[in-house]
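Presented below is the structure to which this report refers.
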Amino acid sequence: MEKVSLYHLLRDVASVYADRPMYWIRQEDGDFRGISYQDWYENLKNLSVFLIDLGMQKGNTAGLICDNRYEWSLCSLSLVTIGCVDVPRGCDATLDDLKYILEHSEAKLLFLENEKVLKKLLEDKFSLSNVKTVLLIDPPAKWKDLENARTTLPGVKFFFLEDALLEGEKSRIKKGDKPYTQRGEILIGKDLATIIYTSGTTGAPKGVMLNHRSFTWGIHQLQEFVPCSCNDRTIIFLPPWHIAERLLETTLIAWGASMACSSIPTIPADMQKVKPTVLVSVPRLWEGLYKRIHDTVRKAPPLRQKLFHVAVRMAELTTSLQDTIRDSYATTEIENPRQKTIDRFVASAFLLFSIQLKSFLQNFTKR
1 MEKVSLYHLL RDVASVYADR PMYWIRQEDG DFRGISYQDW YENLKNLSVF LIDLGMQKGN
61 TAGLICDNRY EWSLCSLSLV TIGCVDVPRG CDATLDDLKY ILEHSEAKLL FLENEKVLKK
121 LLEDKFSLSN VKTVLLIDPP AKWKDLENAR TTLPGVKFFF LEDALLEGEK SRIKKGDKPY
181 TQRGEILIGK DLATIIYTSG TTGAPKGVML NHRSFTWGIH QLQEFVPCSC NDRTIIFLPP
241 WHIAERLLET TLIAWGASMA CSSIPTIPAD MQKVKPTVLV SVPRLWEGLY KRIHDTVRKA
301 PPLRQKLFHV AVRMAELTTS LQDTIRDSYA TTEIENPRQK TIDRFVASAF LLFSIQLKSF
361 LQNFTKR
C-alpha cells in the first residue's frame, strides 16, 4: 500500500524492521559494521529535532553537498520528514554550480561532507545571503582549518553532525518526540520533498521539484517491477543526488533491505564482503567491470588464464542446468538465497546490456 509521505513510510518501516540491519558501514579496517533500522531511525529523529530547534520550518530548503555514504540518507531524510526540502549535489560540483544552486533554491542551511567542499565555497567568501547554519558531516578530527572558516564567515554558525545528534537527543529527552511527530504527521503527498538540479551542460542548472507523492508512487511501482524483501542486500555507489539512485535507496528502505555504501574503485572487493543479492547501475559500469576482469586475466600466466576460462565455462553450464531444472519445476520454491547472489540485475532507465555480459557477471558473483 502506498504511504502518504516519506515520514509515514519511515515511521512504519522502522517499527516493522526494527532489529534488522539497515546499513553496513565501512570501518577503518575495511570491514562493514551493521546499524539497525531502529538505531538509524533514532539518529534520524535526533537530527530532525535538532533542525527544528534551529528554527527550520516547513518548506525551508537546505543544501546537501555530499557523496555516497551512510550519513547522506540520514541528513536528507531528517529534513524531508519534518517538511523541509533538501537540495542535493555531489562534492565534485563546481563552485559556480554550487553558488547558483544554493542561491537559486534559497538554501537556509548547508550540510557539507568535508573540508574540501568548505574550502571551495570559501574561495568566494561564501556569498550566499540565505545560509545561516552549516553542519559538517566528517568528524572533528578531519577538519583542520575550521577556525579560518569561522573567522571568514562570522555570521554563520558551524556544527558537527555528531554534536547535532547529541543535542537532538538531549532535546528529545526533555520534550519527547512530539516536536518531530507534529511536523511529520501533517505531511501529505503534494508537499515538496526535494529539488534536484540538472548538470547544467546546456546552460544554467534546472531545478526539478519532486514531492512526497513522487517518491511513494515510484517506490510502489518499483516494488512491483523488482520484487525484493528484507532478506535482500545491495551495494549503492551511484551519485546519491541522481534520482535513480535516490529512488532505489528509498525503495530498499521500504523493503526493509540492507545497504552498504561503496565507490566504483572498491566495488569488486566490496562485492566479495557484502555479497549483494541486488545491484542497480547503468550498463556502462558492468561493461567496465567485465573489461577490467578480462584485462587482468590477459596479464596472468597462461595456466591461470586457462583455469579462468574453464571456470567461466563450467559456471555457464551449471547456470544453464539450474535454469532448466527451475523451469521444469516452476511451481516449487526451493531456492537457497546464498546461491542467488546477483540473480537480479536492473539497469537504470531499464536499459539492456549483452546477454554474455549479464551471464558472466551472474556467474562471477556466485563464485
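What the sequence shown shows, in UniProt numbering, is residues 1 to 367, in sequence order. The beta carbon of each residue, even a glycine, is placed where N, CA and C say it ideally should be.
Between residue i and the rest of its own chain, which residues show a CB-CB distance below 7 angstroms, the 5 nearest in sequence each way excluded?
i    : result
D53  : S171
Y329 : Note on Y329: pLDDT 45, under 50, position unreliable in the model; the coordinate value appears next. No residues qualify anywhere along the chain.
R69  : C261
W143 : E115, L136
V278 : C228, D232, T234, R344
Q27  : R33
R213 : G189, K190
G207 : H104, S105, I195, Y197
N130 : E106, A107, K108
D177 : K45
K340 : The predicted position of K340 is uncertain, since its pLDDT is 49 and thus under 50; a value taken from the coordinates is nonetheless stated next. Cβ neighbours of K340 beyond the five flanking positions: T277.
V16  : G256
Considering just the uninterrupted stretch of the beta strand (DSSP E) at residue i, what are its terminal residues?
i    : result
D86  : 85–89
W24  : 21–26
R233 : 233–236
G184 : G184 -> not in any beta strand (DSSP E); alpha helix (DSSP H) instead, spanning 178–185.
Can you give me the Cβ contacts of residue i inside the same chain, cut-off strictly under 8 angstroms, excluding the 5 residues immediately before and after it?
i    : result
R20  : S36, Y37, C230, G256, S258
L77  : L6, L10, L44
G155 : K132
L95  : K120, L121, E123, D124
C75  : L47, L64, C66, D86, F111, L135, I137, L161
K157 : K132, T133, V134
Are the C-beta atoms of residue i and some chain C residue less than 8 angstroms apart?
i    : result
N114 : Within the model displayed, chain C is absent; a lone protein chain is all it includes.
Pull the bridge partners of residue i from the DSSP assignment, please.
i    : result
V208 : I196
L133 : For the record, residue 133 in the displayed sequence is Thr; it is not Leu. According to DSSP, T133 bridges with L109, K157.
S258 : R233
G189 : According to DSSP, which records beta bridges pairwise, G189 is partnered with nothing at all.
R33  : I25
Starting from residue i, trace the alpha helix (DSSP H) both ways and give me its first and last residue.
i    : result
F50  : 37–54
A62  : Counting along the chain, A62 falls outside any alpha helix (DSSP H), though it belongs to the beta strand (DSSP E) covering 61–65.
T266 : Neither: T266 is in no alpha helix (DSSP H) and is coded neither H nor E.
R11  : 6–16
H104 : 95–104
E147 : 146–152
W72  : 70–80
V117 : 115–122
Tell me, to the nearest whole angstrom, how far the beta carbon of residue i is from that of residue j; I am working on the premise that it is less than 8 angstroms.
i    : j    : result
L187 : G83  : 6 angstroms
D86  : A62  : 6 angstroms
P140 : F160 : 6 angstroms
L238 : A244 : 7 angstroms
L222 : M209 : Wrong, their Cβ atoms sit about 20 angstroms apart, outside the cutoff.
Excluding sequence positions up to five away, which residues of its chain have a Cβ less than 6 angstroms from the Cβ of residue i?
i    : result
A18  : Y37, Q38
D138 : N114
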